[in-house]
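To start, the structure under review is shown below, and the notes come after it.
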Amino acid sequence: MNSNASRPVPPADTGSALRNWVSDTLLRLIQAERRIDPFIRPAFDAVLRDPLARLTTALINAQRRNEGLKIAEERLLPGEEEFVDSIIESFRQQGAKLWKPGGVERGGNTKTQGIVRAEFIVHEGLPAEFRHGIFAQPKTYKAWVRFSGPGPYVTPDIDDVGFMSISVKLMGVPGLKLMEEEKFTQDMFGVSPPTFVTPDVRANAQLQIESVKNAQIFYFFNLHRPHVLDAIMQGLWTKTQSSPLEAPYFSCVPYLLGEGQAMQYSFWPKSKKRTPIPRLPLRPPDDYLRNAMVASLQAGDVDLDVRVQLQTDPHLMPIENAAVLWPERLSPRVSVATLRILRQRFDSPAQMDFAKRLSYNPWHSIAEHRPLGNQSRARRRMYFTLSQLRHQMNAVPHYEPTGDETFS
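The number in this note's numbering is simply the position in the sequence shown, starting from 1, with 1 added.
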């Protein structure tokens, strides 16, 4: 059985018939809205999304205290390692329910829409403050780029929660790496909402506990520790997507840009083209997002603009809270590179299976771009542990690519 083949979301399993009904009913309502979303979302985004995002961010910040941190300064979260243990255990439990040996998929960013060959082209003439690490000089890196659905399930595209992710692996990057697992790579990540679904690892552990029950809605809406504002922020940006090549992607978490300087980065499609979603408001094909990618890359190259946003205010642009939107009025996003997805045919079984051999980890990184904040510190051990488990269960050894791979 193809583990990357679409299937329905499993029903909620909370131990309560009422809670199961509430979760499953709300999910069905969200999925129904997805069928009409493209007819109303463009006007909503143009008029209301950004003002509502600013208001929601202000309400989130009103609940936060200023910890007096400096630019690029981190602070450990109490109980951080225990929360990481809990997250890993939740992923293990859910993976055991969802997958069989030989077909274990990633716990997050689960459905592979495509793994594609690309070039990462650093621009000439960057301002001095941006010329660090991979941006130090004009250069072109080979890259493998994985586009994926949200997870933890592999669902028909119209039934997912409405966001997508990108994982970029640059190759031929010189310098010592923060993890010895790979020697020549630099990994980059983004999701289509500009803020992360959880503010910190404590909240992430809470989310994963509900995810094991297939009832993630009770992470956002509960009487004990609700995350209503985070739900609103995610809802402003999750929608019925047209193509993985036609959405912006945001790192959501910060990274060093040289010593004593923090950044977030993002990827923006240069084309304004939007692929019509077939059959709406009826049911589109299960893999219509991959189909849109296939059509675009048969026609030619696709360029994404890589932008960097510097941290200029340690409180309003926090390191340790990934649910806060960094305001562009304090620091604009500056174009620093182009990610060029080359014209290709990528949906052969051999190339799709290639994605299973790769491990992406933000700590596949040079020191100049060290990941910052508790979510990133958690990712080092969490991604490594779960990647090892996935490779072992699938009997597929970890592989560091060179960019020269070919597929029949």
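No residue lacks a Cβ here, since even glycine has one placed at the ideal position from N, Cα and C.
Note that the structure is predicted; figures quoted are calculated from it, not measured.
Hey, would you say residue i sits closer than 8 Å to residue j, going by beta carbons?
{"i": "A368", "j": "L179", "result": "yes"}
{"i": "L290", "j": "P249", "result": "no"}
{"i": "I218", "j": "L27", "result": "yes"}
{"i": "P153", "j": "F164", "result": "no"}
{"i": "A379", "j": "V85", "result": "yes"}
{"i": "L237", "j": "L30", "result": "no"}
{"i": "F197", "j": "V162", "result": "no"}
{"i": "T276", "j": "S243", "result": "yes"}
{"i": "R147", "j": "A356", "result": "yes"}
{"i": "H399", "j": "T186", "result": "no"}
Would you tell me roughly how many angstroms separate the C-alpha atoms of residue i and residue j, rounded to the nearest one?
{"i": "M318", "j": "K71", "result": "11 Å"}
{"i": "V303", "j": "K273", "result": "11 Å"}
{"i": "K170", "j": "D188", "result": "4 Å"}
{"i": "R50", "j": "K240", "result": "12 Å"}
{"i": "P279", "j": "L99", "result": "29 Å"}
{"i": "A137", "j": "R344", "result": "28 Å"}
{"i": "G96", "j": "L208", "result": "15 Å"}
{"i": "E321", "j": "A73", "result": "10 Å"}
{"i": "D160", "j": "T339", "result": "31 Å"}
{"i": "E75", "j": "I135", "result": "23 Å"}
{"i": "N362", "j": "W145", "result": "14 Å"}
{"i": "F347", "j": "Q393", "result": "26 Å"}
{"i": "N215", "j": "E125", "result": "48 Å"}
{"i": "L390", "j": "E401", "result": "17 Å"}
{"i": "Q310", "j": "D405", "result": "32 Å"}
{"i": "F417", "j": "R55", "result": "Nothing in the structure corresponds to residue 417, since the chain is present only between 2 and 409."}
{"i": "P333", "j": "A47", "result": "20 Å"}
{"i": "G374", "j": "L283", "result": "43 Å"}
Per DSSP, what kind of secondary structure is residue i in: helix, strand or coil?
{"i": "D288", "result": "coil"}
{"i": "Y384", "result": "helix"}
{"i": "I342", "result": "strand"}
{"i": "V105", "result": "coil"}
{"i": "E329", "result": "coil"}
{"i": "D405", "result": "coil"}
{"i": "I278", "result": "coil"}
{"i": "F121", "result": "strand"}
{"i": "F197", "result": "coil"}
{"i": "D161", "result": "coil"}
{"i": "K240", "result": "coil"}
{"i": "V23", "result": "helix"}
{"i": "Q376", "result": "helix"}
{"i": "V229", "result": "helix"}
{"i": "F268", "result": "strand"}
{"i": "I37", "result": "helix"}
{"i": "F251", "result": "strand"}
{"i": "D46", "result": "helix"}
{"i": "D304", "result": "strand"}
{"i": "L171", "result": "strand"}
{"i": "V188", "result": "In the sequence under discussion, the amino acid at residue 188 is Asp, which differs from the Val named in the question. Three-state DSSP puts D188 in a strand."}
{"i": "V146", "result": "strand"}
Are there 16 or more other CB atoms within 10 angstroms of the CB of residue i, so buried, or fewer, so exposed?
{"i": "P139", "result": "exposed"}
{"i": "S17", "result": "exposed"}
{"i": "P416", "result": "The first residue shown for the chain is 2 and the last is 409, placing residue 416 beyond what the model contains."}
{"i": "W22", "result": "exposed"}
{"i": "K271", "result": "exposed"}
{"i": "R66", "result": "exposed"}
Give the C-beta separation of residue i and residue j to the nearest angstrom, bearing in mind that I take them to be a contact with Cβ-Cβ under 8 Å.
{"i": "Q376", "j": "V202", "result": "6 Å"}
{"i": "M353", "j": "N5", "result": "7 Å"}
{"i": "F92", "j": "L359", "result": "With a Cβ gap of about 18 Å, F92 and L359 do not count as contacting."}
{"i": "V307", "j": "Y266", "result": "6 Å"}
{"i": "L230", "j": "I61", "result": "5 Å"}
{"i": "K112", "j": "S149", "result": "6 Å"}
Can you determine whether any heavy atom of the ligand SAH sits closer than 7 Å to the C-beta of residue i, and answer yes or no?
{"i": "G126", "result": "Among the ligands in the structure shown, none appear at all, so the ligand SAH cannot be discussed."}
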